[in-house]
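A.B. asks:
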Amino acid sequence: MTTVISLADVCRIFPTEPPVHALSDVTLEVPPKDYLAIVGPSGSGKSTLLNTLGLLDRPTGGSYRLDGVETTDLSDGERTALRGSRIGFVFQSFHLLATRTVEENVMLAELYRKHDRRRRRKRALDALDRVGMGHRVGFTPDRLSGGERQRVAIARAIGGDPALLLCDEPTGNLDSDNTASVLDLFDELREQGLTIVVITHDDVVSGRADRVVRINDGRLT
Amino acid sequence: MRRGPGKPRLDVRDLCGEALAGVLARPVRSALTTLGTVLGIATLVVTIGVAATAGNQIVGRFDALIATSVTVEVPEQTWGERVSVGWDAPEELARLRGVVSSAAMATSRKTANLTVSANAIVDPTRVTDQTLEVVSATVGLPEAARGAIVDGRFYDEGHITRRDRVVVLGDQAAKLLGIATTANAPAVFIGDRAYTVIGILGRIGREPGLATAVIVPPSVGRADFDLKEVSRVLINTSLGAAGLIAEQAPQALSPNNPTGLQVTSPPSPTRARDGVQSDVNTLFLILGLVSLVVGGVGIANVTLVTVMERIGEIGLRRALGAARRHIAAQFLLESTMIGLIGGVIGASLGIVAVVGISAANEWTPVLDTRLALAAPVAGALVGLLAGLYPSIRAARMEPVEALRSGT
Chain A
280 MTTVISLADV CRIFPTEPPV HALSDVTLEV PPKDYLAIVG PSGSGKSTLL
330 NTLGLLDRPT GGSYRLDGVE TTDLSDGERT ALRGSRIGFV FQSFHLLATR
380 TVEENVMLAE LYRKHDRRRR RKRALDALDR VGMGHRVGFT PDRLSGGERQ
430 RVAIARAIGG DPALLLCDEP TGNLDSDNTA SVLDLFDELR EQGLTIVVIT
480 HDDVVSGRAD RVVRINDGRL T
Chain B
11 MRRGPGKPRL DVRDLCGEAL AGVLARPVRS ALTTLGTVLG IATLVVTIGV
61 AATAGNQIVG RFDALIATSV TVEVPEQTWG ERVSVGWDAP EELARLRGVV
111 SSAAMATSRK TANLTVSANA IVDPTRVTDQ TLEVVSATVG LPEAARGAIV
161 DGRFYDEGHI TRRDRVVVLG DQAAKLLGIA TTANAPAVFI GDRAYTVIGI
211 LGRIGREPGL ATAVIVPPSV GRADFDLKEV SRVLINTSLG AAGLIAEQAP
261 QALSPNNPTG LQVTSPPSPT RARDGVQSDV NTLFLILGLV SLVVGGVGIA
311 NVTLVTVMER IGEIGLRRAL GAARRHIAAQ FLLESTMIGL IGGVIGASLG
361 IVAVVGISAA NEWTPVLDTR LALAAPVAGA LVGLLAGLYP SIRAARMEPV
411 EALRSGT
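Taken in order, these protein sequences are the chains called A and B. With this note's numbering, you'll find the first sequence wraps up at 500, consecutive numbering, no jumps. With this note's numbering, you'll find the second sequence wraps up at 417, consecutive numbering, no jumps.
#1: Could you tell me whether the Cβ of residue 31 of chain B comes closer than 8 Å to any Cβ of chain A?
#2: Kindly indicate which residue of A/360, A/309 and A/420 has the alpha-carbon position closest to the one of residue 491 of chain A.
#3: Does the CB of residue 323 of chain B have a neighbour CB from chain A at under 8 Å?
#4: Which one of A/338, A/384 and A/456 has the shortest CA to CA distance from residue 431 of chain A?
#5: Does the beta carbon of residue 330 of chain A sit closer than 8 Å to a beta carbon anywhere in chain B?
#6: Could you tell me the boundaries of the beta strand (DSSP E) in which residue 80 of chain B lies?
#7: Residue 521 of chain A bridges to which residues according to DSSP?
#8: Can you pull the chain B neighbours of residue 314 of chain A, defined as C-beta to C-beta under 7 Å?
#9: According to DSSP, is residue 424 of chain A helix, strand or coil?
#10: Grouping DSSP H, G and I as helix and E and B as strand, with all else coil, what is residue 348 of chain B?
#11: Mind the definition here: the stretch 301–321 of chain A touches the stretch 473–490 of chain A only if three or more C-beta pairs lie below 8 Å; say whether that holds.
#12: Report buried or exposed for residue 125 of chain B, applying the criterion of at least 16 other Cβ atoms within 10 angstroms of its Cβ.
#13: Is residue 9 of chain B helix, strand or coil when you go by DSSP?
#14: Would DSSP call residue 495 of chain A helix, strand or coil?
#15: Tell me, please, whether the CB atom of residue 339 of chain B is closer than 8 Å to any CB atom in chain A?
#16: State yes or no: is the beta carbon of residue 330 of chain B nearer than 8 Å to at least one beta carbon in chain A?
#17: Quick one: list the residues of chain A neighbouring residue 18 of chain B, beta-carbon separation under 7 Å, in chain order.
#18: Rounded to the nearest angstrom, what separates residue 300 of chain B and residue 364 of chain B at their Cα positions?
#19: Helix, strand or coil for residue 353 of chain B per DSSP?
#20: Going along chain A in order, which residues have a C-beta closer than 9 Å to the C-beta of residue 400 of chain B?
#21: Taking 8 Å as the CB-CB cut-off, is residue 285 of chain B touching chain A?
#22: Anything in chain A within Cβ reach of residue 409 of chain B, meaning under 8 Å, just list it in chain order.
#23: Kindly indicate which three-state DSSP category residue 24 of chain B falls into: helix, strand or coil?
#24: Sorted by chain position, which residues of the same chain lie with C-beta nearer than 6 Å to residue 344 of chain B's C-beta, five sequence neighbours on each side aside?
#25: Since residue 114 of chain B and residue 147 of chain B should fall inside the 8 Å C-beta cutoff, what is the C-beta to C-beta distance between them, to a whole number of angstroms?
#26: Determine, for residue 453 of chain A, whether the minimum Cβ-Cβ distance to residues of chain B falls below 8 Å.
#27: Over the uninterrupted alpha helix (DSSP H) stretch that includes residue 423 of chain B, give me the two end residues.
#28: For residue 205 of chain B, which three-state DSSP category applies?
#29: Between the C-alpha atoms of residue 442 of chain B and residue 371 of chain B, what's the straight-line distance to the nearest angstrom?
#30: Could you please give me the residues that DSSP links to residue 340 of chain A through a beta bridge?
#31: How would you list, in chain order, the residues of chain A whose beta-carbon sits under 8 Å from the beta-carbon of residue 41 of chain B?
Here it is in structure tokens:
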């Protein structure tokens, strides 16, 4: 199988005065079914690495292959399409649409992707079953607990069948009980063969991962 | 191995669904946002609709009254060949096909300002003498002038033959003289002679001067007021016959010198309609356009606020694979929908108002279907223009910053 993430000497320099080296010669390999935690203090380049991995930002140097596709020479449109089809995002603040039901929020995952529309609801319900939220389909997010909201967000992320689940502080807004349940869910998803990258500063979260890489001043250690 | 990721795509139905959900997410705000467009479109529809409706009513009145009215004037002759029309003009005209009613009248400069009083008593506290015109006319006058006897009766051939000193007053003349009823046979004094008032003529449709006139039989006019010659003949024709009658009447009235008569016939209908269409109320049109612009600015403002509030959603959609143009299209469609809703509501309110105004005035509402269809389109266009800037702002937003905003 193809390596999911392959970073080689990736640099990201912000052209301020003086230039900020947010990432310096980062090299990282993430094989399929890996469960990787990236930890580091704030200002260490964590967010820049996340944005680079998520194709939200373009590195200024080096090579980034996602699921076998070299991304650094893709056009914006192609990067957007690749992001939509290969990466599932999980955010600290969930980013659920407050006026839409749980089911509709999950169905958003396929909105910008080529899929037949008829079975979209079915696939959304399947994804909700996978995260154990099949019983909250018609609810709006404001009636869910934080842990339930994050589960719905995870269902949305895995709904598109991505190669990579990219999580940015997924438990940052959750109490310890909910954190534990979300981490249990990550374990289950990994059992099912998903590749997970979690960016966190929480040792409880990083402790559950297979591998932990540390980032400091834009360098992996 | 390298696979081309292709282009991000978005089904049109999904785009519409997302935009509609965006509009309905804040129903009260969306409703308030449409208000400016509603007012603008409604004002425009009412202005244009009422102008068209009122215009058609005026044309209708032209058709009913003026299009069937022919007036023959006998010029006052002081020298040269004398043109004269006999007092038997109504009988002559009755032979023409298309004449509905007619009457001959006599007026003169001398009888235009005669002092008329209702009684012989001199009352210093009030003005009893009125200066009124005396007109003599044949018995068909009430019908020919499209008036109605509101009290008493009009004189008949018998009064003329007997040379009875009777008069009929125009309704304004009767009011000026203080005569409300003819039940007790009141008298008016013209010069030193008394005349019995036997009727009051009102609701005069043509010859408005008759309302303030004292109408006497031809025999009395000839004997007492020197009204010997017919000066005017009023003819009412059936619809469409006016042009023909206008040609034939001089021949019938004055076979020896038909060209000496002046005939006034109705204006052609097209000219009447042209005159009306230039009468559209420009001020209200401008008012409608201004409120439409204000409505557009309102939509732009609210859409901009909405974009700022939904930064997180924009970031999420970008993360889910939405291209910038998808974001722009969604916000553009949302503002267009708001404009369209405003246009539909405004057009509906405007049409209801036009119907209401028409009902109050007993008019037939006239509605151009193109107007009813164009009004919502105009609203949508306002929304589209208003949404341009906010949607460009939304599309330019960087997903990184958008996702960090935390909303």
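Even glycine gets a Cβ: it sits at the ideal position worked out from N, Cα and C. Bear in mind that the values here come from a model prediction, so they are computed numbers and not experimental data.
C.D. replies: The relevant details are as follows:
#1: yes
#2: A/309
#3: yes
#4: A/384
#5: yes
#6: 79–83
#7: Nothing about residue 521 of chain A can be reported from this structure: the residues present for chain A run from 280 to 500 only.
#8: What residue 314 of chain A touches in chain B: nothing, since even the nearest Cβ is about 21 Å away.
#9: coil
#10: helix
#11: yes
#12: exposed
#13: Because chain B spans 11 through 417 in this model, residue 9 of chain B falls outside it and cannot be assessed.
#14: strand
#15: no
#16: yes
#17: 356, 359, 360, 363 and 391
#18: 20 Å
#19: helix
#20: Within chain A, no residue comes near residue 400 of chain B; the closest Cβ sits about 19 Å away, beyond 9 Å.
#21: Confidence in residue 285 of chain B is poor, its pLDDT being 49 and thus under 50, which makes the residue's placement too unreliable to answer from.
#22: 335
#23: helix
#24: 29, 32 and 33
#25: 7 Å
#26: no
#27: Outside the modelled stretch of chain B, which goes from 11 to 417, sits residue 423 of chain B, for which no answer is possible.
#28: strand
#29: No answer is possible for residue 442 of chain B: the residues shown for chain B start at 11 and end at 417.
#30: A/290
#31: Under the 8 Å cutoff, chain A gives no residues; its nearest Cβ is about 15 Å from residue 41 of chain B.
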